[in-house]
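Data first, discussion second: the structure below is written as structure tokens.
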Amino acid sequence: MNSDSVAMTDLFEKMHKPETVCIFGTGDFGRSLGLRLLQSGYSVVYGSRDPKNSLLLPKGSKVMTHAAAACEAHVVFVAVQREHYGFLSSLVSDLEGKVLVDVSNNLKRGLYPESNAEYLSRLVPGATVVKAFNTISAWALQSGGLDANRQVLLCGDRSDAKQQLMDIAQSLGFTAVDRGSLRVAADLEDLPLQLFPLWRLPLNIAICLTAFIFFYALTRDVIYERVTNGKDIAFRIMISLANKAFPIVSLVMLSLCYLPGAMAGFLQLYNGTKYRRFPDWLDRWMLCRKQLGLLALAFGFLHVLYTLVIPIRYYVRYRINVYTISLVKDNTTYEFDNTAAWRYDSYYSMGILGFGLFVLLGITSLPSVSNSLNWREFSFVQSKLGYITLLLCTAHTFLYGWDRFLKPSSYRWWTPPAYMLSLVVPCVVLILKLILITPCVDSKVTRIRQGWERQGKTLANGRDTKTNQPLMA
Amino acid sequence: MNSDSVAMTDLFEKMHKPETVCIFGTGDFGRSLGLRLLQSGYSVVYGSRDPKNSLLLPKGSKVMTHAAAACEAHVVFVAVQREHYGFLSSLVSDLEGKVLVDVSNNLKRGLYPESNAEYLSRLVPGATVVKAFNTISAWALQSGGLDANRQVLLCGDRSDAKQQLMDIAQSLGFTAVDRGSLRVAADLEDLPLQLFPLWRLPLNIAICLTAFIFFYALTRDVIYERVTNGKDIAFRIMISLANKAFPIVSLVMLSLCYLPGAMAGFLQLYNGTKYRRFPDWLDRWMLCRKQLGLLALAFGFLHVLYTLVIPIRYYVRYRINVYTISLVKDNTTYEFDNTAAWRYDSYYSMGILGFGLFVLLGITSLPSVSNSLNWREFSFVQSKLGYITLLLCTAHTFLYGWDRFLKPSSYRWWTPPAYMLSLVVPCVVLILKLILITPCVDSKVTRIRQGWERQGKTLANGRDTKTNQPLMA
Amino acid sequence: MNSDSVAMTDLFEKMHKPETVCIFGTGDFGRSLGLRLLQSGYSVVYGSRDPKNSLLLPKGSKVMTHAAAACEAHVVFVAVQREHYGFLSSLVSDLEGKVLVDVSNNLKRGLYPESNAEYLSRLVPGATVVKAFNTISAWALQSGGLDANRQVLLCGDRSDAKQQLMDIAQSLGFTAVDRGSLRVAADLEDLPLQLFPLWRLPLNIAICLTAFIFFYALTRDVIYERVTNGKDIAFRIMISLANKAFPIVSLVMLSLCYLPGAMAGFLQLYNGTKYRRFPDWLDRWMLCRKQLGLLALAFGFLHVLYTLVIPIRYYVRYRINVYTISLVKDNTTYEFDNTAAWRYDSYYSMGILGFGLFVLLGITSLPSVSNSLNWREFSFVQSKLGYITLLLCTAHTFLYGWDRFLKPSSYRWWTPPAYMLSLVVPCVVLILKLILITPCVDSKVTRIRQGWERQGKTLANGRDTKTNQPLMA
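Residue numbers (UniProt numbering), protein chains in the order written: chain A, 1 to 473; chain B, 1 to 473; chain C, 1 to 473.
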């Protein structure tokens, strides 16, 4: 053993000998945290109002009064709800120079004007406050970070304190990410209260579209039949109407997911640069393309199931039966229509292939799959294969319509069938894309996106942030 | 360049200059480990019984006798099977003060009374033993940790030695997790020998349930028909009976996955606190809810396929054909039954929507997806959407039954049809949940779960470990 | 607070006080990197040709001339395209002793004889060049590494410089992996330009096989019918032929995914050791088994959809109708064939169970799922369940054929039906496997794979790299 490694060992020993960590609060989170710290080789001291009656604390930990516990350690976790922070003001001198870790969350957003961590910092001005671990649940702490989120986000005003927390987080098997100064604590406290913020807009679009198509089809199919023929076919609501609304919403949302990219291309062509910001609505739209696409896939999936269930429906069996019997009675024969055979088979085939590709897009949107792709692979799948999916699904819808758009009987009450409406957006997207990939336009867009052209001064890197954003993931 | 960064660079250089690592054993694991260490900038020295005949060692490594190799490095990996540890006793003096890393696994559990690492520690008392890397395969080492498990679990009695291993693991692209003292080495050695421990109970439940339902239906359908009418309809085993067993098992297991949560709620209400431990069986049940749910989904998936295949079955086509011909011959007409149309369409629709939501639950159970959700989002999906799924699937089963429970012909041999049995557990779960979400009960449970109420002294954190556990993930 | 922790704090403060990092280049990547560094507490100085006209730089950063910026920091990111590296030669003295980080990518492979990083190192010989961050997109930097690839690969000739970069990467929330010396920079620069390298061979096999089966079936079905009976049944191309090609390709590729493993077993038996390298083609084949299996699953999925769509096809409804009418007219009855009922139902049942298991194999191939399995679990699923899947799918195909291989009418133009061809490879694989699992052969193979037997000198570890490779993941 050479002298260097001796020195190194000494240094390590000094830096990593079992450190004592203090936890204020003996609730679920405090107990789970303490257990995990003990498992990872730390000594743990609990500070409690009533040290003698603190039950269920992990074996190996000590429990004492807040003041006594604070003296034992340099890092103090405050695992107490904000409403009970008051008692800390009496410990100001004991906590002087300590690192106070605020792990708290609120029950609702916007309950308090300032973040819990900043409030804590104001209460104990002599201590360094770090916000950390609030996105980790007691459950994730207990299960060893094996199957729960492993990222500890932290923020604070002093790098050394943050580094200590990052070391603790890493010893506990988490990945620590420094998110900046204590000012961003409010953002970190909002994270666990979020409920699918990026899904709101796409979900609202999906719900509105579904409702619109549903009532549109209800009027044209069920109510029209009732008014003009007096027949009650309301039972069609359950499957036939649902199977009209779902594919239409799916197709429209899939195209909505590719529309902003095409629009951005034209905007860049118009601006002659990629360094002008897009309007805000376009930015927001681009950010929720993945969600738009996945919702489209969900509706497409329901459409597939609703379609495959058709032949076992009571109504369909009844219709086929009645038709067969009528043929027998009229003594006519069912003429085989070669065009119809081609048309229906192509229609189903386009749909199946389109759905197959769509599922592939969905799978590559899974975090673990998209993380294992490089940029080129990801954009190949999401952009190239995505447009082929859109093309197949649009062709599927056109084959469904076939020549019906020529028949006046399709336009009940002077309204076009719902499927025609659904073709507007996809056609626009496909035409825009067709223009963008013509060689002369494509070369211009490519040059703009590489930062060249009318921006000779920019030394960009061949990767841009806006237009090559993940399309669906 | 200011003086500070000079000092820093010096420190870094001292701490991080190419370190030499020794590996005893030139098998697959030793070779893969050496290759990976070399790639990450370490010097590697192999210790071998027969240095001259050691083949296939990575380029750039040295090979010498065990004693000579041990002198070169501070950290010595023992990549040798436990049975061959004997030779180490002759190296006790060479290994004095070294860090010995035990990477071994056994072929079976419980082969030896003490863990390999503790045995190693006893053999070479002067060295510090760290158990590490045993959960990493030679394959994972070679493939650069890009698509295999990246977590290195380690344990040992000295923090400094563990820290050195954690640094090595991190340089190699792994995440290191300290699991405690050398006493837990036996647990780490068991990890690679486990075969789906959490899946055992749910799988056994699924198999027993399937067997029971299958034989129950076999008796009531096939054997009954044989005994009373003398007809052989045994061919129904392949699809009709399977399609009775699968949906029933799916529904029962889905409800079994939500039953313990409801029971826990009532138990907490009864105890008036959440700080009393649940009985062991309830704890174990709660821990395998994810597996119960995923198995239910698998059975539901098979049920969907078995149902969709119905119209292309020979038997079904035969039946429809015979029916049509009989109608023609009797010159009767098929009366359209509006109620039946509503009933069957609703039945399919409920099933499709329920299955769609169920697939969504399954997708959010994928580790990479559930890791990207925060706690609120996860429990929204697994709890709220989960109960809606259960409700839809139960409604689907009720619509299947419709008024058949009133018909005496359903009760062959005085037994109820299988689908009726399957409704018991889901109904119990839904009724319990209904009680729990009535405003007055709900507010009590919420208060208890927040640690308030009859436990004024607890300063909990708004997150609890038991009842808000992941329901399906 | 004891003196130890004071010392530790001092050390931490010195090592981690806000460090200044310099970025050359104000393009997308430079801006995103700067923003991220600022968020993580670094000071950022941009070097720009035209400091006064640099727009859109993140708030809090400074911008100055290249020379001035270089003086401010020890680490300099060169976020400039390789073509513009020229200006660096005038800064050689300013960059003396600095760490230069090459983050560049090329637009195509093989554009330059040497890697960008080595070129940079030659241009500025006094600086230490580290290649890093080139696999991270500007988008991933902006989105906080939360949903994009979090692994920073780096290489370079000096460990201290690499360690500094690893620390920066970790502060930014990434995982850093050291890939070795600057010589591997060319490999790192190729990574973002790869387009599914492991998928090429399997995709080519799948495309060739599909084309072959398609034209084979086209000849035997459509062209034969045209030539001998003069009937045009070309509409069958869309669904019937597709549904012949897809299942056959799926079955053949699934068996191709298990064939190399069986061959490797026999090769090891023949060699009597596992320490002789397999031939190169076998190695390459084994490496793409996961891709072969997943493509087989994709084709199987399409087969399922094409099959389920059968009963709503125009042609099928026509055929059933015509048959029913003919029965009525001929006044014959449809005789129920008990064997046919058994055969078709078993055929569908095998197919459904096989597909269900196949989907399970696919799910365990998802990176996040396979990462959560240990080696034993993974090989249980991929090997045991994989062979059961192959067995079920082969039985499904045999049941499809039934006794048709005995009928001369099946051999149109002296060619066997396509499904018979598809049975060759799976049968070979299953027979090979059957031989390998007979007790006497199995025990020999097991001993060889554990490194024992005729290789008494090897101290292996019970885990081997070649034959126990992931089968499908």
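The beta-carbon is built from N, C-alpha and C at its ideal position, and this holds for glycine as well.
Interface with chain A (7 angstroms Cβ-Cβ cutoff): C:Pro367 is included. DSSP places C:Lys131 in no alpha helix (DSSP H) but in the uninterrupted beta strand (DSSP E) bounded by Thr128 to Ala132.
Scanning the stretch 174-249 of chain A from its first residue to its last, the whole alpha helix (DSSP H) runs of 4-plus residues come out as 185-190, 200-217 and 224-229. Judged by DSSP in its simplified three-state form, A:Val381 adopts helix. In the three-state reduction of the DSSP assignment, A:Tyr46 falls in the strand class. B:Phe24 sits in a strand when the DSSP states are folded into three classes.
Counting other Cβ atoms within 10 Å of its Cβ, B:Lys384 stays below 16 and is therefore classed as exposed. Taking C-beta separations shorter than 7 angstroms and ignoring five residues to either side along the sequence, the partners of C:Lys131 in its chain run Asp102, Ala117, Leu154, Cys155, Gly156, Leu182, Ala185 and Leu188, following chain order. Taking the C-beta atoms as reference points, B:Gly60 is found nearer than 7 angstroms to B:Leu38. Between the alpha carbons of B:Cys71 and B:Gly97 lies a distance of about 11 angstroms. Against chain C, the beta carbon of B:Tyr318 has neighbours under 7 angstroms at Tyr334 and Phe336, listed in chain order.
In the DSSP assignment, B:Leu100 falls outside any alpha helix (DSSP H) and lies within the beta strand (DSSP E) extending over Val99 to Asp102. Interface residue (Cβ-Cβ distance to chain B less than 7 angstroms): C:Glu377 is classified as such.
Taking a beta-carbon distance threshold of 7 angstroms, C:Tyr314 does not count as an interface residue toward chain B. Neighbours of B:Val328 in chain C, taken as residues at a C-beta separation under 8 angstroms, are given in chain order as Val328.
Distances from the alpha-carbon of C:Leu91 to those of C:Ser115, C:Glu114, C:Leu107 and C:Arg49 put C:Arg49 closest. Straight across, the Cα-Cα distance linking C:Leu111 with C:Ser346 is about 58 angstroms. Within chain C, not a single residue places a beta-carbon under 7 angstroms from that of B:Asp187; the smallest gap is close to 13 angstroms. Contact between the stretch 229-241 of chain B and the stretch 278-286 of chain B is not established, with fewer than three Cβ pairs separated by less than 8 angstroms. If you draw a straight line from the Cα of A:Ser54 to the Cα of A:Met253, it comes to about 55 angstroms. When the five nearest sequence neighbours on each side are left out, the beta carbons in the same chain lying within less than 8 angstroms of the beta carbon of B:Leu432 are those of Leu259, Ala262, Met263, Gly265 and Phe266, in order along the chain.
Taking A:Ser121 as the centre and dropping the five residues before and after it, the same chain places the C-beta of Val129 and Leu182 closer than 7 angstroms to its C-beta, in chain order. DSSP places C:Phe301 in the uninterrupted alpha helix (DSSP H) bounded by Arg289 to Leu308. The Cβ-Cβ distance between C:Val429 and C:Ser255 falls below 7 angstroms.
Taking C-beta atoms under 8 angstroms as the contact rule, B:Pro51 and B:Gly34 fail to qualify, at a distance of about 14 angstroms. Within the DSSP bridge table, the entry for B:Lys62 names B:Val45 as partners. Using a C-beta cut-off of 8 angstroms, the stretch 210-229 of chain B makes no contact with the stretch 325-339 of chain C, since fewer than three inter-stretch Cβ pairs fall below that distance. Annotation: A:Gly272 has no Cβ neighbours in chain B at a cutoff of 7 angstroms; minimum Cβ distance is about 38 angstroms.
Using beta-carbon distances, B:Val21 does not count as an interface residue toward chain C, since no partner is under 7 angstroms.
Membership of C:Gln163 in the alpha helix (DSSP H) is indicated by the continuous run Ser159 to Ser171.
Burial is judged here by how many other beta carbons sit within 10 angstroms of a residue's own beta carbon; C:Asn243 has at least 16 and is buried. In this structure, DSSP gives A:Val152 an extended state, which the three-state scheme calls strand.
The residue from C:His84, C:Gly47, C:Arg82 and C:Val75 with its alpha-carbon nearest to that of C:Ala68 is C:Gly47.
A:Val78: member of the beta strand (DSSP E) spanning Val75 to Val78, first to last residue.
Looking from the CA of A:Asn321, the closest CA among B:Phe336, B:Val249 and B:Ala140 belongs to B:Phe336. Only those residues of the stretch 256-286 of chain C whose C-beta falls short of 9 angstroms from the nearest C-beta of chain A would be listed, and there are none.
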